[in-house]
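> For the sequence shown, my numbering begins at 64 and goes up steadily by one. Backbone N, C-alpha and C fix where the C-beta goes; we use that ideal spot for every residue, glycine too.
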Amino acid sequence: MSQSEQETEVSMFEGMRRLVSGVCIVTARDARGERYAMTATSVTSVSGEPPSLLVCVNEKARIHQAISETDYFCISVLAPKHKQISVNCATPESAASRFEHGHWAKHEVSGVYYLSDAQAVFFCRKAQAIGYGTHSIFIGNVEATHVAEGESTVLAYMNGGYITLP
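1) So, is tyrosine 195 buried or exposed, given that buried needs 16 or more other C-beta atoms within 10 angstroms?
2) Roughly how many angstroms separate the alpha carbons of threonine 94 and arginine 125, rounded to a whole number?
3) Please state the DSSP three-state secondary structure of asparagine 121.
4) Under three-state DSSP, which class holds serine 160?
5) Just the C-alpha distance for glutamate 163 and isoleucine 148, rounded to the nearest angstrom, thanks.
6) Nearest to leucine 228 by CA position, among Met75, Gly85, Asp180, Glu72, is which residue?
7) Sorted by chain position, which residues of the same chain lie with C-beta nearer than 6 Å to glycine 174's C-beta, five sequence neighbours on each side aside?
8) Are there 16 or more other CB atoms within 10 angstroms of the CB of threonine 90, so buried, or fewer, so exposed?
9) How many Å lie between threonine 102 and proline 113 at the Cα?
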């Protein structure tokens with residue numbers, strides 16, 4: 064049985080809703096120094112040598128231009144206490160207020176802001192950008208990592224809602 068392109072697209076998205084993904088905030092600054100933040104569940108490791116991660120960003124997202132034109136981006140892995148920050152960074156209308164809540168700090172080397180109380184923070188130098196369909200795949204070499212001390216409980220996303228994982 065073959066599906067039409069539209070049926071495949073609909074069923075793919077339905078299937079992806081069943082995939083549990085960690086929730087992250089991706090941050091960057093543009094060439095003018097303006098800050099950008101976006102909620103992302105499309106973050107994964109690429110390699111251990113060199114240490115690298117990738118994030119998929121829709122070309123229409125405000126942060127896309129910032130990552131495209133600069134060298135650095137940051138990925139903060141969220142804890143359950145960051146749920147509202149995730150919601151704010153996923154809502155297009157909240158662009159101006161994304162940095163009003165949370166414990167944000169500025170990385171000394173890159174100037175990119177990050178959540179200082181995140182479960183983990185990866186400071187990345189952009190190594191490659193690959194356009195595919197409606198998105199760009201940004202690969203970043205991890206130049207520094209901060210991992211929170213103590214118990215790790217992460218915020219995850221599945222089936223259109225947030226869940227907590229130990």
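Reading off the structure:
1) exposed
2) Per the sequence presented here, residue 94 reads as alanine, with threonine not at that position. For alanine 94 and arginine 125, the distance between alpha carbons rounds to 13 Å.
3) strand
4) helix
5) 9 Å
6) Gly85
7) Arg92
8) buried
9) 25 Å
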